[in-house]
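Read top to bottom, the protein sequences are chains S and R. Heads up: the first sequence at position 79 corresponds to 79 in my numbering, and the numbers run straight through without jumps. Just remember that my numbering sits 262 ahead of the position in the second sequence, which is counted from 1. Cβ atoms here follow ideal geometry from the backbone N, Cα and C, with glycine treated the same way. Note that this is a predicted model, so its numbers are computed, not measured.
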Amino acid sequence: MTRLRLHAVVLFVVIVAALAGCGSGSSSDESSAYSGTLEGSLSVSAAASLRDAFDAIGDGFTAANPGVEVVFNFDSSSNLATQILEGAPAGVFASADEANMARLAGEVDGDPVIFARNELVIVTRPDNPAGISGLVDLADAGIISLCGEEVPCGRYAAEAFVLAGVTIDESKVTRGQNVTATLTAVTEGDAVAAVVYATDAIAAGDAVEWVDIPTEHDVLASYPIGVLAGAGDSELARAFVDFVLGPDGHAVLGEHGFLPPA
Amino acid sequence: MALATAVALAFFVVPLIGIVERANWSTIWSDLSSEEARSALRLSLLCSVAAAGISIVLGTPLAWVLARASIPGRSLMRGVVLLPMVLPPVVGGVALLSAFSLRSPIGGWLDDALGIQLTYSPVGSVLAETFVAMPFYVITVEAAFRTMDRRYEETAAGLGASRATVFRRVTLPLVLPSVVGGAVLAWARALGEFGATITFAGNIEGRTRTLPLAVYLELESNRDAAVALSLVLLVVSLAVMVSLRDRWLAQP
């Protein structure tokens with residue numbers, strides 16, 4: 001019985017240690033952080049559309065600061081904002097719209113800064129079998145894929161449809177939980193077309209054909225970034241934001257198709 | 263020992279208390295009677311009942327073969343049938359996509375020849391739910407076929423009943439409790455299906471947005487509605503437990 005009890009205690013300690021480990025993403029090793037050299041781990045919650053660009057920026061940032069580890073959490077900005085409000089560890093939040101950044105007004109340290117913009121485009125299957133040439137064709141093309149209504153790319157798409165005077169029957173729309181899922185419905189699934197960001201269309205390469213949305217109907221997405229006040233190491237978080245806003249971050253974002261802030 | 267038991271029990275009980283505690287009881291009725299919630303409820307009910315029905319129709323003969331037939335490769339067959347129970351549902355969705363999307367040979371042929379598209383349709387939801395739910399039915403009914411007293415069947419056959427009559431009049435009534443239990447289990451699993459459904463059938467309001475999908479989507483915009491819909495699923499799960507209590511909760 002004593003042995004059994006010992007096992008139970010050991011198991012309990014292991015579980016608690018593992019759970020504690022899961023939650024320590026944004027904390028840093030205080031003792032080794034001295035001025036001049038950045039060390040520790042930073043959690044960055046970033047919009048799904050930023051995945052490729054931020055992976056590259058993260059590589060650049062850690063190359064410049066060898067003692068630093070950056071852990072990314074990519075999902076829809078709306079979902080990330082909800083997670084952060086629920087206490088998810090994050091030192092930096094990069095949103096695909098200002099509305100979701102505003103939800104974190106009480107959590108952000110200082111004012112968020114717009115660091116990039118993005119165009120919307122229509123993507124279809126490689127040969128564009130439905131012959132889509134603009135937003136108006138999406139009304140009767142079959143099943144189309146849009147982001148969830150609360151997800152930034154879903155709200156931007158809704159604005160574009162309003163500008164173009166097009167109404168889409170909700171029974172013909174499959175809603176992706178983030179822009180990546182929305183695009184996947186076209187690349188892997190049977191959706192006829194999707195409205196996504198230009199950067200996602202570029203990243204998809206030959207898997208899609210893209211159709212431009214005329215400038216007068218297009219909606220430019222604005223991406224704000226901010227340091228979260230609850231971040232364990234705000235110095236590290238601030239350094240990452242500066243890196244994104246600096247020439248290195250700017251160059252990487254441009255390579256991936258993002259437009260500079262206005 | 264006692265400590266581990268308490269921790270394990272708390273691990274299950276605390277989240278349940280959490281969800282009930284989090285519910286906003288003043289808006290629960292309006293949250294559940296909104297058009298979106300009602301269409302998700304209706305669709306979930308339809309699709310899960312259909313999935314359970316298909317499981318009975320196709321799963322009963324399959325369970326019988328797995329339990330009784332002496333054919334080579336039966337273990338392999340059983341493994342294939344039960345695989346979806348341990349397979350991550352999203353992988354099931356990807357597998358269904360590769361088999362039945364418009365770009366697959368079968369899905370392409372269905373569309374060309376019959377004009378049927380399985381993806382992004384309620385039929386696709388039923389297919390995805392059946393894929394993950396039918397194994398629960400098969401495993402339950404197979405066990406019943408295997409463990410039932412064969413002497414009743416032998417006696418009936420000895421008295422001159424045909425094989426079909428024996429199956430219909432003797433075997434089926436004897437395994438009926440397991441047929442019902444397995445169907446309830448499969449139905450509950452189908453009702454909760456998320457990964458395979460959103461991957462294969464998409465997330466279309468009124469067509470493929472079943473309850474779990476609605477919960478996930480509402481979580482970002484209307485937390486009260488998400489919790490209200492979750493409570494519906496929780497109550498259904500409790501009802502399933504109670505209805506199967508003789509099977510599961512009875513002391514050995």
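If you run the structure through DSSP and keep just helix, strand and coil, what is residue i?
| i | result |
| --- | --- |
| ARG238/S | helix |
| ALA221/S | strand |
| VAL151/S | coil |
| THR124/S | strand |
| SER145/S | strand |
| ARG431/R | helix |
| SER76/S | coil |
| ASP233/S | coil |
| GLY257/S | coil |
| ALA130/S | coil |
| ILE460/R | helix |
| PRO66/S | coil |
| ALA160/S | helix |
| ASP111/S | strand |
| SER363/R | coil |
| LEU135/S | helix |
| ALA251/S | helix |
| ALA423/R | coil |
| ASN100/S | helix |
| ARG507/R | helix |
| LEU42/S | strand |
| ALA406/R | helix |
| GLY21/S | Caution is warranted here: a pLDDT of 45 is assigned to GLY21/S, below 50, making its placement in the model unreliable, and no coordinate value can be reported. |
Is residue j closer than 8 Å to residue i when the C-beta atoms are compared?
| i | j | result |
| --- | --- | --- |
| VAL70/S | THR62/S | yes |
| SER222/S | ARG117/S | yes |
| GLY58/S | THR37/S | no |
| GLY454/R | PRO474/R | yes |
| GLY457/R | GLY386/R | no |
| VAL123/S | VAL241/S | no |
| VAL446/R | SER505/R | yes |
| ALA207/S | THR187/S | yes |
| ALA299/R | ALA452/R | no |
| ALA463/R | ALA390/R | yes |
| ALA141/S | ALA194/S | no |
| VAL263/S | PHE115/S | This structure cannot speak to residue 263/S, because chain S is shown only from 1 to 262. |
| LEU320/R | PRO384/R | no |
| SER337/R | TYR399/R | no |
| ALA476/R | MET396/R | no |
| THR155/S | ASP75/S | The sequence given here places Arg at residue 155/S; Thr does not occur at that position. The answer is no: Cβ separation not under 8 Å. |
| ALA325/R | GLU404/R | yes |
| LEU138/S | ILE144/S | yes |
| ILE460/R | SER171/S | no |
By the criterion of Cβ-Cβ separation under 8 Å, what are the contact partners of residue i in chain S?
| i | result |
| --- | --- |
| ILE466/R | ILE143, GLU170, SER171, LYS172, VAL173, THR174, ARG175 |
| GLU482/R | SER76, SER78, ASN79, THR82, GLY148, GLU150, VAL151 |
| LEU500/R | In chain order: nothing, as chain S lies at least about 26 Å away. |
Run down chain R in chain order and give the residues with a C-beta less than 8 Å from the C-beta of residue i.
| i | result |
| --- | --- |
| ALA191/S | TYR382, GLY464 |
Give the interface partners of residue i over in chain R, defined as CB-CB distance under 9 Å, in chain order.
| i | result |
| --- | --- |
| ALA46/S | What ALA46/S touches in chain R: nothing, since even the nearest Cβ is about 17 Å away. |
Residue i touches chain R at which residues, Cβ-Cβ below 7 Å?
| i | result |
| --- | --- |
| ALA185/S | GLY464 |
Assign residue i to buried or exposed, taking buried as 16 or more other Cβ atoms, counted over all protein chains shown, within 10 Å of its Cβ.
| i | result |
| --- | --- |
| PRO224/S | buried |
| GLU216/S | exposed |
| SER41/S | buried |
| ASP293/R | buried |
| ASP411/R | exposed |
| SER499/R | exposed |
| LEU359/R | buried |
| ASN126/S | Residue 126/S is actually Pro in this sequence, not Asn. Per the 10 Å Cβ criterion, exposed. |
| ARG431/R | exposed |
| TRP291/R | exposed |
| ILE211/S | Contrary to the premise, residue 211/S reads as Val rather than Ile in this sequence. Burial call: buried. |
| VAL282/R | exposed |
| ASN286/R | exposed |
Taking residue i as the query, report the chain S residues whose CB atoms sit under 9 Å from its CB, ordered along the chain.
| i | result |
| --- | --- |
| SER363/R | GLU188, GLY189, ASP190 |
| LEU479/R | GLY148, GLU149, GLU150, ARG175, GLN177 |
| LEU359/R | GLU188, GLY189, ASP190 |
Run through chain S and tell me which residues come within less than 7 Å of residue i, C-beta to C-beta.
| i | result |
| --- | --- |
| ARG300/R | What ARG300/R touches in chain S: nothing, since even the nearest Cβ is about 14 Å away. |
| ARG284/R | Going along chain S, no residue has its Cβ under 7 Å from ARG284/R, so there is no contact; the nearest lies around 11 Å. |
| ARG515/R | The first residue shown for chain R is 263 and the last is 514, placing residue 515/R beyond what the model contains. |
Let me know the alpha helix (DSSP H) ranges lying completely inside the region 162-211 of chain S, each 4 residues or longer, listed in chain order.
179-187, 198-204
As an exercise, report each continuous alpha helix (DSSP H) stretch of at least 4 residues that is fully enclosed by the region 329-353 of chain R, in chain order.
336-348
Segments assigned alpha helix (DSSP H), at least 4 residues, entirely inside the region 459-496 of chain R:
473-483
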